[in-house]
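Comments concern the structure below.
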Amino acid sequence: MSDGLEETSGLSLSSMVKEIQGLKDKFKREDADCPSPFADLEKATVLQECRVFSDAKVVTESPRKCSQLITKLLHIVTQGDAMSSSEVTEVFFGVTKLFQSTDASLRRMVYFFIKEVAETCNPDDVIIVTSSLTKDMNSNEDLFRANSIRVLAKMIDATMLGAIERYVKQAIVDKNAMVSSSALVAGAHLIRGSPDVVRRWVNEVQEALHSPSEMVQFHALSLLYEIKQHDRLAISKMVAQLTRGAISSPMATCLLIRYITAILKGSDVDMLASATGRAAYQFLELSLRHRSEAVIYEAAKAIVSLPGVEERDLGPAVAVLQLFLSSPKATLRLAAMRALCDIAIAKPAAVIKCNDDMESLISDSNRSIATFAITTLLKTGSESSVDRLMKQISSFMNEIADEFKIVVVTAIRELCLKYPLKHRVLVGFLANFLREEGGFDFKKAIVDAIVALMCAIPETKESSLLHLCEFIEDCEFTALSTQILHLVGSLGPTAAAPARYIRFVYNRVILENAVVRAAAVTALTKFAAQLPTLRASVSVLLRRSLRDEDDEVRDRATLALRLLGDDLVANTTEVNLLLEPFSMSFSRLGCALNKFNVAHGLEEEGLALNMTTLPVVDDMGPAASAQSASTAIHTSSPATEDVATELYKMPEFATLGKVFRSTSPIELTESETEYVVSVVKHIMDNDHVILEFLITNTIADQLLVDARITLESTDDDNVYTIVQSISAAKLRCGVTTRSWLVLRRNTSESNIFAAQFVAELKFRVLEIDPNTAEIEGDEDGFAEEYPLEDVEISTNDFMGKARVADTDFRSAWESLDRDGEVLEKFSLQFKDLESAVTAVTACLGMQPEDNSQTITDRTKAGVPHSLHLSGIFWVDVRVLVRAQLLLDEKAGCVLKMAVRSPVLQISQIVADCIK
Numbered sequence: 001m002s003d004g005l006e007e008t009s010g011l012s013l014s015s016m017v018k019e020i021q022g023l024k025d026k027f028k029r030e031d032a033d034c035p036s037p038f039a040d041l042e043k044a045t046v047l048q049e050c051r052v053f054s055d056a057k058v059v060t061e062s063p064r065k066c067s068q069l070i071t072k073l074l075h076i077v078t079q080g081d082a083m084s085s086s087e088v089t090e091v092f093f094g095v096t097k098l099f100q101s102t103d104a105s106l107r108r109m110v111y112f113f114i115k116e117v118a119e120t121c122n123p124d125d126v127i128i129v130t131s132s133l134t135k136d137m138n139s140n141e142d143l144f145r146a147n148s149i150r151v152l153a154k155m156i157d158a159t160m161l162g163a164i165e166r167y168v169k170q171a172i173v174d175k176n177a178m179v180s181s182s183a184l185v186a187g188a189h190l191i192r193g194s195p196d197v198v199r200r201w202v203n204e205v206q207e208a209l210h211s212p213s214e215m216v217q218f219h220a221l222s223l224l225y226e227i228k229q230h231d232r233l234a235i236s237k238m239v240a241q242l243t244r245g246a247i248s249s250p251m252a253t254c255l256l257i258r259y260i261t262a263i264l265k266g267s268d269v270d271m272l273a274s275a276t277g278r279a280a281y282q283f284l285e286l287s288l289r290h291r292s293e294a295v296i297y298e299a300a301k302a303i304v305s306l307p308g309v310e311e312r313d314l315g316p317a318v319a320v321l322q323l324f325l326s327s328p329k330a331t332l333r334l335a336a337m338r339a340l341c342d343i344a345i346a347k348p349a350a351v352i353k354c355n356d357d358m359e360s361l362i363s364d365s366n367r368s369i370a371t372f373a374i375t376t377l378l379k380t381g382s383e384s385s386v387d388r389l390m391k392q393i394s395s396f397m398n399e400i401a402d403e404f405k406i407v408v409v410t411a412i413r414e415l416c417l418k419y420p421l422k423h424r425v426l427v428g429f430l431a432n433f434l435r436e437e438g439g440f441d442f443k444k445a446i447v448d449a450i451v452a453l454m455c456a457i458p459e460t461k462e463s464s465l466l467h468l469c470e471f472i473e474d475c476e477f478t479a480l481s482t483q484i485l486h487l488v489g490s491l492g493p494t495a496a497a498p499a500r501y502i503r504f505v506y507n508r509v510i511l512e513n514a515v516v517r518a519a520a521v522t523a524l525t526k527f528a529a530q531l532p533t534l535r536a537s538v539s540v541l542l543r544r545s546l547r548d549e550d551d552e553v554r555d556r557a558t559l560a561l562r563l564l565g566d567d568l569v570a571n572t573t574e575v576n577l578l579l580e581p582f583s584m585s586f587s588r589l590g591c592a593l594n595k596f597n598v599a600h601g602l603e604e605e606g607l608a609l610n611m612t613t614l615p616v617v618d619d620m621g622p623a624a625s626a627q628s629a630s631t632a633i634h635t636s637s638p639a640t641e642d643v644a645t646e647l648y649k650m651p652e653f654a655t656l657g658k659v660f661r662s663t664s665p666i667e668l669t670e671s672e673t674e675y676v677v678s679v680v681k682h683i684m685d686n687d688h689v690i691l692e693f694l695i696t697n698t699i700a701d702q703l704l705v706d707a708r709i710t711l712e713s714t715d716d717d718n719v720y721t722i723v724q725s726i727s728a729a730k731l732r733c734g735v736t737t738r739s740w741l742v743l744r745r746n747t748s749e750s751n752i753f754a755a756q757f758v759a760e761l762k763f764r765v766l767e768i769d770p771n772t773a774e775i776e777g778d779e780d781g782f783a784e785e786y787p788l789e790d791v792e793i794s795t796n797d798f799m800g801k802a803r804v805a806d807t808d809f810r811s812a813w814e815s816l817d818r819d820g821e822v823l824e825k826f827s828l829q830f831k832d833l834e835s836a837v838t839a840v841t842a843c844l845g846m847q848p849e850d851n852s853q854t855i856t857d858r859t860k861a862g863v864p865h866s867l868h869l870s871g872i873f874w875v876d877v878r879v880l881v882r883a884q885l886l887l888d889e890k891a892g893c894v895l896k897m898a899v900r901s902p903v904l905q906i907s908q909i910v911a912d913c914i915k
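So, in structure tokens, the structure goes:
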């Protein structure tokens, strides 16, 4: 039969393959010979070419050429080559000439160019094109009307909105769906800056909700929710009305389901027990039989995520998701598996009936689906099915990427904690993949999982240590080798047969790099310190490291042998130095050594330098605190630990969590006054703020007793409540003592962080003899009050400086959704850009990126300066800011700022710091 096919076609199969390959090679050569039209573009050349916009003949006869020029302009702008104000003005004047053309493609490019560039130009330049767009808004061409409305919504501010409000309001109920949808989208943009104006359109928006167009219904519902979102009762009534079948658009129905879910989740009471909640649940259940698969999935996802939902109520949603598992569409299978995986975390019994269908998806061509199937089966499987699952996963693991492998490793760790009797099978499975190919993150996930299981299941200690020792025999990652060596040094000496681990550790001394060799020497030292029977043989191994080429390895070996003793009969105190953590941080040790050097000098002989002769360092001082405030974000950083050292010593604060960041000391008095007070604000990772007051008494004949700080709020919001006060018991002259106040932020004021307090120092004064320190006069003393500067808690106190890691600022900016973006414009009273940039950075409390805090000579000449800032807002919300600052003779310094974060409310809070 194949011969007959070759005869009829005239070509053999092999010749057809050769011809196809030849065509591929030809296309590759042509692509290589034709470079990108945007390569090596020069701004001056493109601006010169754009002068043809003023030629009416070119505009009418060559719209394609004009479109290509606009594309080049957009390419130049997006590459970061900013245009000067005069160049922007010239281009905008030229673009207005293009409104003479009726070519649809060119007009689209014009609208796109104006929308993208208008945000970076002067307000006077924007007015140039506003009149042209307003004419298009009244055009007979629906395409022009729709696009002009969209562009105007991005350009105009509250002062200009009144001139076009009537036209946008009429466009909402326009018969053309494209125009109506554009007006609704414009309303969604305008409500952020002019909410009162947009709220007047509620009748037109409700009318648009009954449009036959699915897209118009979707946009109308979205805008209607934006208008009424602050009125919970109005939202509930709107949702209740729409659940009776008022909308037909699948997209709008999905949006309605999300609003219903938000209402049910946001209620403080059990909504499912009320009549309104039952009606909402019935609508969700009815949506499971909708004609649209998107609506069905959205309803199923909503039901399974409802708070307090019973397992029997999950049945209809799980049944629908089970049907999706056998769908030919990969998107539906993936969505169903993702939802079932989430259900399995809280209610695994509800998903068990889907196990057979999920097992068939282990071999799915889409590896994401297969990964979700595996992890869900690991959560819902029984103890008897563990061995069978492990066999299926073994062949599956080699076919997926490391990111999916990490998910599987995490699921296996949870399964082992659920069924500890299966630890041999599961730990052995993890150990086998330690020896397979994989990246650092994958191997570290396995190591962390094994270590976690060792802590939770003591029976795995011996076998797991051996697995890890075998892994470091051929480990290419230094960090993992040192982590395992530290673990072996800590747990190996207490194992049943500790001598078996010494060979693995000493092999690292011979074969590995300097970092691993140093870690191995420390591990060997711990064996020698805890096991007297092995001390002699281990000391022989340590002496071989005395000739190591790396000084760190030599120093560690020398210290170990010195503390172990030449006679191998070690002193208990010295051996404990090898086994116990150091008594202070290295930064504090450095300060103590500096003080010792200043007090005694290096030339003083006969003075022993040891832990008892070192001076005590209680605090790192203002310089270190200031450095900590600029770098500290999480308590894992050394700087934060130093600043919060005294705080962590207080048992009263043990239940208040960890420090998110600490500020530098803020002076509340002049340095020459009789009582000197400063405050450090510690922002905790929960709703508490701890104020640490450093109080110094400078009067020699006074002893201050029971010194404490009192605060009185100057605001009506009552954002903070004082929950604890700790006074300083005694303050002698020249001694700095601490007093503490613990504030709790009221959760009802969730969007307010700033507060201001009137502060006062209260204490009792006892008169004493400056020479003998004996009390003179009344032993009870007398009460005294001392006014202080106001204490202010600012929003930027909750912002930690953090650079964009592992990527550039532009990529990080694009990774954040525009739904969380806030745009603002301010007029600042600064005469130079340097002061403005410094003030904006300090006001937001963020970290400059891309060296954007530096003002170049070209920027000073009148070109807008771009400022990029990044930070982490309490507790782990990434915030990025793109700002432009321009000196204007009339308006002063103009600041345009865009703030992005995953949470819109936080973006608004950060933007409001400038106000």
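Quick note: the sequence shown, position 140, residue 140 per the UniProt record's numbering, numbers continuous.
Where a beta carbon is used, it is the ideal one built from N, C-alpha and C, also for glycine.
Just so we're clear, the structure is a prediction, and the values are computed from it rather than from any experiment.
Residues of its chain near residue i, where Cβ-Cβ distance is below 6 Å and the 5 sequence neighbours each way are ignored
i    : result
I484 : L468 and I472
T737 : I695, A728 and L731
G777 : E767
S292 : P250
V216 : A177, S180, S181 and A208
Y786 : Y675 and L761
V538 : L524, F527 and A528
D364 : A370
Endpoints, the alpha helix (DSSP H) within which residue i is located
i    : result
K228 : E214 to K228
K872 : As written in the sequence, residue 872 is Ile, which differs from the Lys given in the question. It is not in any alpha helix (DSSP H) - I872 instead sits in the beta strand (DSSP E) that spans H865 to F873.
Q847 : No alpha helix (DSSP H) contains Q847, which is instead part of the beta strand (DSSP E) from Q847 to E849.
E298 : E293 to S305
Cβ neighbours of residue i in the same chain (closer than 7 Å, five flanking residues each side left out)
i    : result
S67  : S105, L106 and M109
N796 : C843, L844, G845 and C913
I906 : F873, V877 and V879
F442 : D402, K405 and I406
Backbone secondary structure at residue i - three-state DSSP
i           : result
G800        : strand
K169        : helix
G892        : strand
R661        : strand
R543        : helix
residue 963 : The structure shown has nothing for residue 963, since the chain only spans 1 to 915.
E512        : coil
S794        : coil
Beta-carbon proximity check, residue i vs residue j, cutoff 8 Å
i    : j    : result
V509 : S545 : yes
V758 : T714 : yes
L788 : L668 : yes
L161 : V197 : yes
A208 : V173 : yes
A302 : T261 : yes
A911 : K896 : no
I227 : A186 : no
V899 : E849 : no
R556 : A518 : yes
Opening and closing residue of the beta strand (DSSP E) in which residue i lies
i    : result
F429 : Looking at the DSSP string, F429 is not in any beta strand (DSSP E); the run it does join, the alpha helix (DSSP H), is H423 to L434.
L823 : E821 to L828
P759 : Before going on, a small fix: residue 759 reads as Ala here, not Pro. Residues A755 to E767.
R745 : T736 to R745
Cβ shell of residue i (< 8 Å), same chain only, five flanking positions each side left out
i    : result
G381 : N355, L389 and L415
As an exercise, report each continuous beta strand (DSSP E) stretch of at least 3 residues that is fully enclosed by the region 682 to 726, in chain order. Whole beta strand (DSSP E) segments, 3+ residues: 688 to 697, 702 to 713 and 720 to 726.
Entirely within the region 237 to 289 and at least 4 residues each: give me those alpha helix (DSSP H) ranges in chain order. The alpha helix (DSSP H) runs of length 4 or more contained entirely in the region 237 to 289 are, from start to end of the chain, 250 to 266 and 275 to 287.
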